[in-house]
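Everything on this sheet refers to the single structure shown next.
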Amino acid sequence: MRFYSPKVEGVFNDIAAIFDLVKFEHASGGKQRTEPEWKSLLAEGGFPRYNIIKFPSFYSIIEAFPN
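The sequence shown begins at 1 in full-length UniProt numbering and counts up by one.
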């Protein structure tokens, strides 16, 4: 699935990225997950240890570590 997103610069960068994620989530059957949901999903996949790096924006990074 592909979405067309014009190149956006400046203060609207984060907003454009958020809209891209929302479109992807709703059009592809994806979903947003809470931290407990991620914890369970990662553990089931063999990654019981994880670290969430939060940024002052919409995004976070999840570092996952195997057993």
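Beta carbons are placed, not taken as given, at the ideal position from N, Cα and C, and that holds for glycine.
In this text the structure is predicted, and so the values were computed from the model without any measurement.
Unbroken beta strand (DSSP E) run spanning residue i, endpoints
i   : result
F65 : S60 to F65
K54 : R49 to K54
Straight-line gap, residue i to residue j (C-alpha atoms, nearest Å)
i   : j   : result
K31 : P66 : 24 Å
G45 : G10 : 38 Å
A16 : H26 : 16 Å
Whole-Å CB distance - residue i paired with residue j, under 8 Å assumed
i   : j   : result
D20 : S57 : Contact doesn't hold; Cβ gap of about 14 Å is too wide.
Y50 : E63 : 6 Å
Cutoff 7 Å; reference residue i; Cβ partners in own chain excluding five residues on either side
i   : result
I61 : I53
F47 : A64, F65 and P66
8 Å CB neighbourhood of residue i in its chain, flanking five on each side removed
i   : result
L41 : R33
Residue interval of the alpha helix (DSSP H) (run including residue i)
i   : result
S57 : No alpha helix (DSSP H) contains S57, which DSSP labels as neither H nor E.
K39 : E35 to E44
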